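**Student:**
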Amino acid sequence: MEREFSVLSKLLAETSFENGYESAAEKYFNLLWDKYGAIAEKALQTIYHQNMFGNHNVLKHVLFIGGNTSADRRANLEVIPLAGISNPDIEIQDLSVKCLEAWEDKKYLPILTNLRDKTGVLRLKNHIDDVIQNLAEI
């Protein structure tokens, strides 16, 4: 697993990701999940924490993968977007909101409401308002 962890870290740092496409890191994460199950989630979580104050591209890529991960494969990933919401980088906050939006769970409404009320960034505030409205309708 140590070798696979290293490969996943490298893919997260060095490959691109784009909405609508499965990135090389996402493909590799899915292979690891098929092979190791929840251990792959723990690896992704660990990579996020190791880069929390450094490589924002890795954080963004992990959030991208988290947002695309099905409910049965993200039991241990919830902490990632929750940590991202408190990141000072607005883009990380925005991707964290997108991740929670993709998960379509009303339990995140208080967290999103709190972030909306605290942010001074109008674009982010408007995005969170849209997400809150959509989740409230589910």
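Take the sequence shown: its letters are residues 21 to 158, numbered as in this note's numbering. Ideal Cβ placement from N, Cα and C applies to all residues, glycine included. The model shown is predicted, which means the values in this text are computed figures rather than measured ones.
1. Leaving out five residues on either side along the sequence, give the residues of the same chain with a beta carbon under 8 Å from the beta carbon of Leu129.
2. Return yes when the Cβ of Asn75 is within less than 8 Å of the Cβ of Glu46, no when it is not.
3. Who are the near neighbours of Ala188 in its chain, counting only those whose CB is closer than 7 Å to its CB and skipping five residues on each side?
4. With Tyr68 as the anchor, note down where its alpha helix (DSSP H) starts and where it stops.
5. Take the Cβ of Phe37 as the centre, count every other Cβ of all protein chains shown within 10 Å, and call the residue buried at 16 or more, exposed below.
6. Do Ala63 and Leu51 count as a contact pair if the criterion is CB distance below 8 Å?
7. Whole angstroms is fine: what's the gap from Leu142's alpha carbon to Tyr68's?
8. Report yes if the CB atom of Tyr48 is closer than 8 Å to the CB atom of Leu28, and no otherwise.
9. Quick one: what's got a C-beta closer than 7 Å to Phe59's C-beta in the same chain, skipping five residues either side?
10. Rounded C-beta distance between Ile110 and Leu132? I'm assuming under 8 Å.
**Tutor:** Short version:
1. Here the set comprises Ile152, Leu155, Ala156.
2. Not a contact, by the Cβ cut-off of 8 Å.
3. Only positions 21 to 158 of the chain appear in this structure, which leaves residue 188 out of reach.
4. Where Tyr68 is concerned, the enclosing alpha helix (DSSP H) stretches over 58 to 70.
5. So Phe37 ends up on the buried side.
6. No, the Cβ-Cβ distance between Leu51 and Ala63 is not below 8 Å.
7. Leu142 and Tyr68 have their C-alpha atoms spaced approximately 27 Å apart.
8. Judged by beta-carbon spacing, Leu28 lies within the 8 Å limit of Tyr48, meaning their Cβ atoms are closer than that value.
9. Position check: residue 59 holds Ile in this sequence, whereas Phe was assumed. Met21.
10. 15 Å between Cβ atoms; not a contact.
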